[in-house]
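Numbering (mature numbering (1 follows the signal peptide of the UniProt record, and there is no 0)), first residue to last: -21 to -1, 1 to 180.
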């Protein structure tokens, strides 16, 4: 079963999706399938991968994609985001360090994506939303117990992709080693979390 966000770009986090390029021990990892409108007012196509892979594919199908679908203004995204409360942060831990600069690139991509991302039932359902130069952002429908120990055993939808980007930024700001290495996991009271870690991409 796939669950989707709103057009022109939809993120589908499937429970029965093919195995992800990477595995997180103890988690059900799935590839993300995006249903994307290639031209303004045109039909949609399905693309599997990270946001970077989606953008690269769209630009081959429509070189004017970024002009036809300009990024949402940051102020408008921020107004929709920041609606969640952080319940915990784990820096480094079992997550290998990655490039903070590359994670910031992923954050910029996510800040430009319209729609509301949905993730399949937890606990432990994760999708890799961004990865470049071995630096990845994951979003999981899974808490360390959540408020009152509750688990999200149902599909969960965020307000915007800004919320995932905000979690990655929080990790980068608070778990930085030196000038350009970071990794960690930030948990929210609504029983979801964001992971920043080294990955293969």
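Ideal placement from N, C-alpha and C gives every residue a C-beta, glycine not left out.
query = Between residue 10 and residue 109, what straight-line distance do the alpha-carbon atoms span, to the nearest angstrom?
reply = Position 31 of the chain shown, counting from 1, holds the residue named residue 10. Position 130 of the chain shown, counting from 1, holds the residue named residue 109. Roughly 11 Å between the two C-alpha positions.
task = Throw me the rounded Cβ distance for the residue 181 and residue 70 pair, which I believe falls under 8 Å.
result = Because the chain in this structure spans residues -21 to 180, residue 181 falls outside the shown range and cannot be described.
query = Whole alpha helix (DSSP H) runs in the stretch 127 to 162 with 4 or more residues, listed along the chain?
reply = 140 to 153
task = May I have the straight-line CA-CA distance separating residue 77 from residue 179, to the nearest angstrom?
result = As a first step, residue 77 is located in the chain shown; it is residue number 98 there, counting from the start. As a first step, residue 179 is located in the chain shown; it is residue number 200 there, counting from the start. Pairing residue 77 with residue 179, the inter-Cα distance amounts to about 11 Å.
request  = Identify which residue in 111, 44 and 144 has its Cα closest to the Cα of residue 173.
outcome  = If you number the chain shown from 1, residue 173 lands on position 194. Residue 144 is the option with its Cα nearest to residue 173.
key: Residues sharing a beta bridge with residue 83, DSSP   = By 1-based counting over the chain shown, the position of residue 83 is 104. For residue 83, which the question treats as bridged, DSSP gives no partner whatsoever.
key: Where the alpha helix (DSSP H) through residue 35 begins and ends   = One-based indexing of the chain shown puts residue 35 at position 56. It spans 30 to 40 - the alpha helix (DSSP H) in which residue 35 sits, taken as one unbroken run.
query = Which residue from 118, 114 and 135 puts its Cα closest to that of residue 105?
reply = As a working note, residue 105 is residue 126 in the chain shown. The shortest Cα separation from residue 105 among 118, 114 and 135 belongs to 118.
ask   = Considering only C-alpha positions, which residue in the set 152, 49 and 165 is nearest to residue 90?
value = Walking along the chain shown from the start, residue 90 turns up at place 111. Of the candidates 152, 49 and 165, the one whose C-alpha sits nearest the C-alpha of residue 90 is 49.
task = Check whether the Cβ atoms of residue 26 and residue 15 sit closer than 7 Å, and answer yes or no.
result = The sequence position of residue 26 within the chain shown is 47, counting from 1. The sequence position of residue 15 within the chain shown is 36, counting from 1. Taking 7 Å as the Cβ cut-off, residue 26 and residue 15 qualify as a contacting pair.
ask   = What does a CB cutoff of less than 7 Å around residue 88 pick up in its chain, not counting 5 residues either side in sequence?
value = Within the chain shown, the letter at position 109 stands for residue 88. Around residue 88: 30, 31, 34 and 109.
request  = Use the C-beta contact count for residue 166: other C-beta atoms within 10 angstroms, 16 or more gives buried, fewer gives exposed.
outcome  = To locate residue 166, count along the chain shown from 1; it is residue 187. So residue 166 counts as buried.
request  = Note the first and the last residue of the continuous alpha helix (DSSP H) segment covering residue 46.
outcome  = Taking the first residue of the chain shown as 1, we reach residue 46 at position 67. Taken as a continuous stretch (DSSP letters only), the alpha helix (DSSP H) holding residue 46 covers 44 to 47.
For residue 116, the first and last residue of its enclosing beta strand (DSSP E) = Here residue 116 refers to the residue found at position 137 of the chain shown. Counting along the chain, the unbroken beta strand (DSSP E) around residue 116 starts and ends at 114 to 120.
key: Per-residue burial, residue 175 [other beta carbons within 10 Å of its own, 16 or more giving buried]   = Counted from its first residue, the chain shown places residue 175 at position 196. By the 10 Å Cβ count, residue 175 comes out buried.
request  = Please confirm whether residue 121 and residue 103 have their CB atoms less than 7 Å apart.
outcome  = Translated into the one-based positions of the chain shown, residue 121 becomes position 142. Translated into the one-based positions of the chain shown, residue 103 becomes position 124. It is a contact, given that the beta carbons lie within the stated cut-off.
request  = Could you check how far apart the C-beta atoms of residue 177 and residue 114 are, in whole angstroms? I think they sit under 8 Å.
outcome  = Position 198 of the chain shown holds residue 177. Position 135 of the chain shown holds residue 114. Sure, about 7 Å apart at Cβ, within 8 Å.
task = Return the CA-CA distance between residue 45 and residue 154, expressed in angstroms with no decimal places.
result = On the chain shown, position 66 is the one that residue 45 refers to. On the chain shown, position 175 is the one that residue 154 refers to. So the alpha carbons of these two residues sit roughly 32 Å apart.
task = Give the straight-line distance between the Cα atoms of residue 12 and residue 23, rounded to the nearest whole angstrom.
result = For this step, residue 12 is matched to residue 33 along the chain shown. For this step, residue 23 is matched to residue 44 along the chain shown. Their Cα atoms are separated by approximately 12 Å.
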